[in-house]
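A quick write-up on the structure given underneath.
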Amino acid sequence: MRECPDCCQSQAGCHPRWVAPRRQIPLSGLLNVDKPAGVTSHDVVDAIRRLSGQRKVGHAGTLDPLATGVLLVCLGRATRVAEYVMAGQKSYRATIVLGSTTDTYDADGKTITSGGRADFERVEIEEALDNFLGRIEQVPPMYSAIKRNGRPLYQLAREGETVDRPPRSVEVREFALVDWTSPSLIVEVTCSPGTYVRSLAHDLGQQLGSGAHLAALIRLRSGRFSLEQAVSLERLEEAFQHGQEGQFLIPLDEALLDWPAMVLNADQARRIAQGQAIESSAPACGDGTSLCRAYNLDGEFLAIVEHRTATGRWHPKKVFAEQSQP
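With my numbering applied, the sequence shown closes on residue 314, and no number is skipped along the way.
Quick look at the structure:
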């Protein structure tokens, strides 16, 4: 494998093993990567770019450097479904330490307070956790990638500036205590996308009056993709070296398998590929959504189509077929 010719600006630095020759045929699909601790999500994307030899790579849902677990990486045409992949429900296992707080709300930050109470009974913690279930308003941490006037909040925080952050509505479906050995508790969290588990840890400490911060985080699931199915960067490196990466590449439509699907005849497929609306006997989706997967008679995934009430027809929203240009 060749050495990387550029100076990598990522936190992990340039890893000479994570470099591959540029391919003639770009890859398209998803990789379910088990992100290691100590690197950013962008570092993982850079590693996949080098391994695959292509530039069109992105992730679907950021994990903090401290966190490990499921990070979905989109390659080629799959980058166009990243917004739908990110919309999936997330599940985590988190370790929270009571009695101290940090400026980042996690163990990577600077200690702000310490010596808080940490002798709670299990029932006290469980009752506090229950208060976070359901639809809640959550204030994002200052150390986050949310932008204010074009600048990420974490940049402002590093300059010593604190700004008001409007609360965001998120949904916590599970916040369950798995283990409690003072001062650390392990919880499992199932929540909507956009939920900051660091903020849940911080807010739990505020409610208990002890202070708290996140010590470790593992993403167990993102949408339909689980940690049990994830692959390490080291295993991916080996697979790319031997031309076996296809065994880990997930077809882009697999992220959308919870959606309804329709099969188009040859004329309908041609019209959709050319950006035209079609009539179809397929009904609009019964769950309130108007999006559907569309396939041709050969089973090829052609497009995401949208049913519009105003026209009563199906319109192409995102076309993936090679013949999409008229």
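Beta carbons: idealized from backbone N, C-alpha and C, even for Gly.
| When the Cα of V293 is compared with those of Q264, D286, G287, L285, which residue comes out closest? | Q264
| Whether T89 touches G199 by CB criterion (8 Å) | yes
| Whole-angstrom distance between L86 and E112, CA atom to CA atom | 13 Å
| Do A25 and T56 come within 8 Å of each other at the CB atom, strictly closer than that value? | yes
| query | Quick one: is H295 buried, meaning 16 or more other Cβ sit within 10 Å of its Cβ, or exposed? | reply | Counting Cβ neighbours within 10 Å, H295 comes out buried, since at least 16 surround it.
| Near A70, what residues of its chain come up, given a Cβ to Cβ distance below 7 Å and the 5 sequence neighbours on each side ignored? | G46, A48, C62
| message | Using only the alpha-carbon positions, how far apart do R43 and R37 sit? | response | 6 Å
| Three or more C-beta pairs closer than 8 Å, one from the stretch 72 to 80 and one from the stretch 96 to 114: is that the case here? | no
| task | Note down the Cα distance separating V160 from N253, rounded to an integer number of angstroms. | result | 43 Å
| request: Mind checking who E159 pairs with in its DSSP beta bridge? | output: Looking at the DSSP assignment, E159 forms a beta bridge with R123.
| field | Short Cβ contact (8 Å threshold) for I260 with R301 | value | no
| request: Along the alpha helix (DSSP H) that carries G193, what are the first and last residues, could you check? | output: 185 to 196
| request: Tell me, please, whether the stretch 169 to 188 touches the stretch 138 to 150 by the rule of three or more beta-carbon pairs shorter than 8 Å. | output: no
| request: Go ahead and pull the three-state DSSP assignment for L15. | output: coil
| task | Count the other CB atoms, across all protein chains shown, that sit within 10 Å of the CB of Q126; report buried if there are 16 or more and exposed otherwise. | result | buried
| field | Simplified DSSP state of L208, which is helix, strand or coil | value | strand
| request: Taking K306 and A282 to be in contact with their CB atoms under 8 Å, please state how far apart those CB atoms are, rounded to whole angstroms. | output: About 10 Å separates the two Cβ atoms, so there is no contact after all.
| request: List the residues that DSSP assigns as beta-bridge partners of M381. | output: Because the chain in this structure spans residues -11 to 314, residue 381 falls outside the shown range and cannot be described.
| query | What are the boundary residues of the alpha helix (DSSP H) that L117 is part of? | reply | 110 to 118
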